[in-house]
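A.B. asks: A single structure is presented below for examination.
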Amino acid sequence: MTIRSPGRPDAGDRSGAPGTAGTPETTSPPETTSPPETTSAPGMFPASATSREPAVSAALPPLLGFTVGVTAARRRDELANLLERRGARVVHAPALRIVPLADDSLLLAATRECLTRPLDAVIATTAIGFRGWVEAAEGWGLGERLRDRLDGARLFTRGPKVTGAVRAAGLTECWSPRSESGAELVAHLLTENLAGLRIAVQLHGEPLPDMVEGLRAAGAEVVEIPVYRWEPPDDLRPVRRMVELIVTGGVSAVTFTSAPAVVSLLRIAREMGQFDELLTALRGEVLPACVGPVCAAPLERQGVATVTPDRFRLGALVRTLSDELPRRRVRTVEAAGHVLRVQGGAVIVNGEPVMLAPRTAAVLDALTERPGRVLSRAELLRRTGTAGLTDEHAVEMTVARLRTALGPAGCAVETVIKRGYRLAVV
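Spelled out as structure tokens, the structure:
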């Protein structure tokens, strides 16, 4: 696992595609005890601990109580399932979609250009793009000729997935960068004399000026292969709602699987007038988790530190998040002889999990931030406003619900006459 701060060098990542309509889709993990009352997870906070904390059951999933945003589209279900198996509640809003080229004439022309004369090298950047190219060629009756042409060239692949697609087509790659970075791939090629060589570059949703111009500057003749393009989702409401959830702390973390998805979310936040608020949240209480350093780069350029796995895969991303989110966002306190472990919309009371409604969790978050400190009703209202509390009477009712939810530990929430409430710490 890598904790990435702004300014780290690029490496590889992967991306996703088609969008969905409506509001962000929400899925919940399998029940561990009672079903969650919550529809969003509120508080996020730094980790702390007490020396007398009882062992939390190993059966409890590490992301229990946390709400995680998923911006991917093409592999959204796989990522959501992995997160849910670790206890997370998932909110999904695709930040972009992959659209086949409306006019296949561009791809057909590029394919015919590859067939006019031998290619010296081919750069395959994504599995979906490479497969799409080969399948399109077969549809035009050019499949066998294209495979022969590719077989006669040195094939460079950006990572294991596209390597698998190349091999599935009956071809063999000659080299692939360990980092899965296009920059490393180009740097490898630039160690050679490229003057006069013909190199085909499969694009992946957008132009690759750094790669293409770098090769051309070295004297290569570059044939660009446009297979698909990125576009915003058809329905922008889910991703706009995702921006609002990030800004208000309605998610504990947000995952990204491609750099274009990051750029799309930032652009939409800017259009909403919430760009600065989004960055503030991502720099603070909402943990951004990216599948690889290339994916993280747009955030790092904005001064947002991210976490990325050592292996740029969805499973590794979820494992990293399962380690980092509890470490950073769990608070443990001892109060009135009870141990409370607060994580998102859940509280582990003496080792037993209790799911809280958003407003209730927001009040507990505020009380546990500085245990023993008295918070007035007005201050609790101010600090929990994003959870939907509207007046001081609502605060009183929510405190009562919190005491009930905590069971025997409810006595830890004390009323201080004419002042407010506090957590009774030892």
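For the sequence shown, the residue numbers in this note's numbering are 163 to 588. Even glycine gets a Cβ: it sits at the ideal position worked out from N, Cα and C. Every value quoted in this text rests on a predicted model; they were computed, and no experiment measured them.
Considering only C-alpha positions, which residue in the set 344, 381, 525 is nearest to residue 546?
C.D. replies: The residue you call residue 546 lines up with position 384 of the sequence shown. Cα-wise, what sits closest to residue 546 is 525.
A.B. asks: Using 10 angstroms around the beta-carbon of residue 358, count the other beta-carbons present and answer buried if the total reaches 16, otherwise exposed.
C.D. replies: Taking the first residue of the sequence shown as 1, we reach residue 358 at position 196. By the 10 Å Cβ count, residue 358 comes out exposed.
A.B. asks: So, is the C-beta of residue 286 closer than 8 Å to a C-beta in chain B?
C.D. replies: The structure shown contains no chain B, having only a single protein chain.
A.B. asks: With DSSP as the reference, label residue 218 as helix, strand or coil.
C.D. replies: For the purposes of this step, residue 218 is identified with residue 56 of the sequence shown, where counting begins at 1. Confidence at residue 218 is low in this model, with a pLDDT of 47, below 50, so its placement is unreliable and the value that follows should be read with caution. Coil.
A.B. asks: Assign residue 334 to buried or exposed, taking buried as 16 or more other Cβ atoms, counted over all protein chains shown, within 10 Å of its Cβ.
C.D. replies: The sequence position of residue 334 within the sequence shown is 172, counting from 1. Exposed, by the Cβ-count rule.
A.B. asks: Rounded to whole angstroms, what is the Cα-Cα separation between residue 447 and residue 230?
C.D. replies: Taking the sequence shown and counting its residues from 1, the one referred to as residue 447 is at position 285. Taking the sequence shown and counting its residues from 1, the one referred to as residue 230 is at position 68. So the alpha carbons of these two residues sit roughly 13 Å apart.
A.B. asks: Between the beta-carbon of residue 407 and the beta-carbon of residue 401, is there less than 8 Å?
C.D. replies: Within the sequence shown, residue 407 is the residue found at index 245, counting from 1. Within the sequence shown, residue 401 is the residue found at index 239, counting from 1. For residue 407 and residue 401, no; Cβs fall outside 8 Å.
A.B. asks: On the CB-based measure, 16 or more other CB atoms within 10 Å of its CB, does residue 300 come out buried or exposed?
C.D. replies: Working through the sequence shown from its first residue, we reach residue 300 at position 138. So residue 300 counts as exposed.
A.B. asks: Okay, do the region 497-513 and the region 573-585 touch, 3+ Cβ pairs below 8 Å being the bar?
C.D. replies: Result yes; three or more Cβ-Cβ pairs closer than 8 Å.
A.B. asks: Contact between the region 472-487 and the region 241-258: three or more CB pairs below 8 Å?
C.D. replies: Touching, per the Cβ criterion.
A.B. asks: Considering only C-alpha positions, which residue in the set 262, 347, 571 is nearest to residue 502?
C.D. replies: The sequence position of residue 502 within the sequence shown is 340, counting from 1. Comparing Cα-Cα distances from residue 502 to each of 262, 347, 571, the minimum goes to 571.
A.B. asks: Considering only the alpha carbon of each residue, which of 555, 520, 569 lies closest to residue 227?
C.D. replies: Within the sequence shown, residue 227 is the residue found at index 65, counting from 1. Nearest C-alpha to residue 227: 520.
A.B. asks: Roughly how many angstroms lie between the CA atoms of residue 321 and residue 522, to the nearest whole one?
C.D. replies: Against the sequence shown, residue 321 aligns to sequence position 159. Against the sequence shown, residue 522 aligns to sequence position 360. Residue 321 and residue 522: Cα-Cα distance of roughly 46 Å.
A.B. asks: Looking at the unbroken alpha helix (DSSP H) that takes in residue 276, where does it start and where does it end?
C.D. replies: The sequence position of residue 276 within the sequence shown is 114, counting from 1. Taken as a continuous stretch (DSSP letters only), the alpha helix (DSSP H) holding residue 276 covers 267-278.
A.B. asks: Go ahead and pull the three-state DSSP assignment for residue 430.
C.D. replies: Residue numbering aside, residue 430 sits at position 268 when the sequence shown is read from its first letter. It is helical.
A.B. asks: If you follow the beta strand (DSSP E) that residue 452 is part of, which residue opens it and which one closes it?
C.D. replies: By 1-based counting over the sequence shown, the position of residue 452 is 290. Looking at the DSSP string, the run of the beta strand (DSSP E) that includes residue 452 is 449-452.
A.B. asks: Any heavy atom of the ligand NAP within a distance shorter than 7 Å of the CB on residue 387?
C.D. replies: The ligand NAP is not part of the structure shown, which contains no ligands of any sort.
A.B. asks: Mind checking residue 340: buried by the 16 CB within 10 Å criterion, or exposed?
C.D. replies: Along the sequence shown, read from residue 1 onward, the residue named residue 340 stands at position 178. Residue 340 comes out exposed.
A.B. asks: Express the C-alpha separation of residue 328 and residue 211 in angstroms, rounding to a whole number.
C.D. replies: As a working note, residue 211 is residue 49 in the sequence shown. As a working note, residue 328 is residue 166 in the sequence shown. Because residue 211 sits at a pLDDT of 36, beneath the cut-off of 50, its placement in the model cannot be relied upon, and the following sentence gives the value as read from the coordinates. Their Cα atoms are separated by approximately 50 Å.
A.B. asks: Rounded C-beta distance between residue 222 and residue 515? I'm assuming under 8 Å.
C.D. replies: Along the sequence shown, one-based indexing puts residue 222 at 60. Along the sequence shown, one-based indexing puts residue 515 at 353. Going by Cβ atoms, the distance from residue 222 to residue 515 rounds to 6 Å, so yes, they are a contact pair.
A.B. asks: In angstroms with no decimal places, state the Cα-to-Cα distance between residue 332 and residue 289.
C.D. replies: Here residue 332 refers to the residue found at position 170 when the sequence shown is read from its first residue. Here residue 289 refers to the residue found at position 127 when the sequence shown is read from its first residue. Distance between the alpha carbons of residue 332 and residue 289 is about 14 Å.
A.B. asks: May I ask you to verify whether the region 261-281 touches the region 454-473, counting CB pairs closer than 8 Å and requiring at least 3?
C.D. replies: Result no; under three Cβ-Cβ pairs closer than 8 Å.
A.B. asks: Count the other CB atoms within 10 Å of the CB of residue 343; is the residue buried (16 or more) or exposed (fewer)?
C.D. replies: If you number the sequence shown from 1, residue 343 lands on position 181. Label assigned to residue 343: buried.
A.B. asks: Is it buried or exposed for residue 452, if we count other Cβ within 10 angstroms and need 16 for buried?
C.D. replies: On the sequence shown, residue 452 is found 290 positions in, with the first residue counted as 1. So residue 452 counts as buried.
A.B. asks: Residue 280 and residue 378 - do their beta-carbons sit closer together than 8 Å?
C.D. replies: Along the sequence shown, read from residue 1 onward, the residue named residue 378 stands at position 216. Along the sequence shown, read from residue 1 onward, the residue named residue 280 stands at position 118. Not in contact: residue 378 and residue 280 (Cβ atoms no closer than 8 Å).
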